[in-house]
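Residue numbers (numbering that gives the first Met the number 0): 0 to 256.
So the structure is just underneath, and the comments pick up after that.
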Amino acid sequence: MATGDYSKPIEPVHQERQIESETRLLGDTWVLAQSDKAGQKVNDQTYATPGVFGEITMPSNWDLTRRGGNGAPNFDYLYTFKPPAAQGDVEISILNRGGALSQAGARGFNELLEQNKDITAPRILFDKSWPSNDPRAIRGAELIRDLAEVLGRNHQGDNQFTNNIPFGSARAPGFHIDRMELREVNGKVVLSIEGESKNKLTGATAAHFSGIYAPNRVERFRSDVTEVHQMYLYSADGAAFSANKPGYNRALRSIQW
Numbered sequence: 000m001a002t003g004d005y006s007k008p009i010e011p012v013h014q015e016r017q018i019e020s021e022t023r024l025l026g027d028t029w030v031l032a033q034s035d036k037a038g039q040k041v042n043d044q045t046y047a048t049p050g051v052f053g054e055i056t057m058p059s060n061w062d063l064t065r066r067g068g069n070g071a072p073n074f075d076y077l078y079t080f081k082p083p084a085a086q087g088d089v090e091i092s093i094l095n096r097g098g099a100l101s102q103a104g105a106r107g108f109n110e111l112l113e114q115n116k117d118i119t120a121p122r123i124l125f126d127k128s129w130p131s132n133d134p135r136a137i138r139g140a141e142l143i144r145d146l147a148e149v150l151g152r153n154h155q156g157d158n159q160f161t162n163n164i165p166f167g168s169a170r171a172p173g174f175h176i177d178r179m180e181l182r183e184v185n186g187k188v189v190l191s192i193e194g195e196s197k198n199k200l201t202g203a204t205a206a207h208f209s210g211i212y213a214p215n216r217v218e219r220f221r222s223d224v225t226e227v228h229q230m231y232l233y234s235a236d237g238a239a240f241s242a243n244k245p246g247y248n249r250a251l252r253s254i255q256w
C-alpha cells in the first residue's frame with residue numbers, strides 16, 4: 000500500500016525512441032508540424048510520477064511545470080505539461096486533488112471498477128446523444144450524481160445533473176458532461192469523462208476537457224483511505240484540443256501502473 004507521500008517530484012527516467020514525423024504516424028501522434036518544419040526530431044521522454052500513474056511518456060519538447068505538492072495534510076500534487084506555442088494553448092496534467100473520499104464514496108467507486116474489471120472495450124455509462132427519457136440516460140444521470148465526490152464537487156462533479164441552478168448565477172454548474180465511460184488502460188479500468196467547463200453567467204463553453212480518474216489506496220495517519228488521481232487534457236481552444244487528443248490518448252497508453 001502506498002504511503003501517500005508525494006514529496007518526491009516527478010522526474011525524467013530516460014529518453015525513449017524518436018517520434019516519427021506526423022506524416023508517418025497519422026491519427027496517432029503529437030502535433031509536430033513546427034519541429035518537423037525546422038528539421039528537428041522530438042524524442043519521447045519517460046517520467047516517473049509521484050502518484051498512481053507510475054511512469055508516463057511525453058514528448059520531450061513539452062515543458063513540465065509543478066503546481067502543487069503541498070504535502071500533509073492535503074497530500075495534493077499537480078504537474079502540467081505544455082507543448083510549444085505553435086501547437087496551441089493546451090495542457091496535459093496529472094494530479095491528486097488531495098482530499099480522501101468518504102467511506103461511501105470510496106466503496107461506490109471501487110465497486111463500480113471491480114464489477115467492470117474484465118472489460119476490454121469502453122463501457123459507455125452516459126452519452127449526451129441519448130434522449131433524456133432513455134433508460135440509459137436516466138441511469139447514467141443517477142450514476143453521475145452518485146460519483147459527484149469522485150469527480151470533485153467543485154470540479155467535474157458540479158455539472159448539469161448535480162446542480163440545477165440556471166446559468167446567470169455564480170452558483171450555476173461549472174461543468175457539462177458529454178460522455179462518461181469506463182475504459183481499460185494498460186490492464187487497469189478507470190473512469191473517463193468528456194465535457195466542457197462552462198461560464199456560469201452565460202453558459203458558454205469556457206474550455207474542453209477529457210480526463211480519467213483512478214483510485215489510489217493509501218495510508219494516512221494510520222488509517223487506510225482512497226484518493227482520486229486524475230490525468231486530463233484541457234484547452235480553451237477547441238481546435239488545439241482536437242488536434243492534441245490523439246497525443247493525449249497515446250500518453251494514456253504509455254502509463255505503467
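We put the beta carbon where it would ideally sit given N, CA and C, even for glycine.
Computed from a predicted structure; not experimentally measured.
Rounded to a whole number of angstroms, what is the C-alpha to C-alpha distance between Asn109 and Asp223?
14 Å
Give me the Cβ distance between Ile211 and Val189, rounded to the nearest whole Å; I'm assuming they're in contact under 8 Å.
4 Å
Going straight from the alpha carbon of Thr56 to that of Tyr231, what length do you get?
14 Å
Whose CA, out of Ile192, Gly194 and Thr201, lies closest to the CA of Ile164?
Thr201
Look at the Cβ atom of Gly50, then the Cβ atom of Ile91, and state whether they are nearer than 8 Å.
No, the pair does not count as a contact, with Cβ atoms beyond the cut-off.
Leaving out five residues on either side along the sequence, give the residues of the same chain with a beta carbon under 7 Å from the beta carbon of Val12.
Thr45, Tyr46, Ala47 and Glu54
Opposite Trp197 in the DSSP bridges: which residues?
The displayed chain sequence assigns Lys, not Trp, to residue 197. For Lys197, DSSP records a beta bridge to Thr204.
Under three-state DSSP, which class holds Asp145?
helix
So the beta strand (DSSP E) Ile181 belongs to, where does it begin and stop?
Position check: residue 181 holds Leu in this sequence, whereas Ile was assumed. Its beta strand (DSSP E) spans residues Phe174 to Val184.
Return the chain-ordered list of same chain residues with a C-beta closer than 6 Å to the C-beta of Asn215, the five sequence neighbours on each side being excluded.
Val51, Glu226 and His228
Measure the alpha-carbon distance for Leu146 versus Ser191 and round it to whole angstroms.
For the pair Leu146 and Ser191, the Cα-to-Cα distance works out to about 12 Å.
Looking only at C-alpha atoms, which of Val184, Thr204, Arg249 and Asp236 sits nearest to Lys116?
Val184
Since I believe Asp177 is in contact with Gly194 (beta carbons under 8 Å), could you give me their beta-carbon distance rounded to a whole number of angstroms?
5 Å
Can you tell which of Ala120, Tyr76, Asp133 and Glu141 has the C-alpha that lies nearest to the C-alpha of Lys187?
Ala120
Quick one: is Gln155 buried, meaning 16 or more other Cβ sit within 10 Å of its Cβ, or exposed?
buried
Drop a sphere of 10 angstroms on the beta-carbon of Thr161, count the other beta-carbons inside from all chains shown, and report buried for 16 or more, exposed for fewer.
buried
Closest by CA to Glu141, which one among Phe125, Arg106 and Trp129?
Phe125
If you compare alpha carbons, which of Asp133, Val217 and Asp62 is closest to Leu100?
Val217
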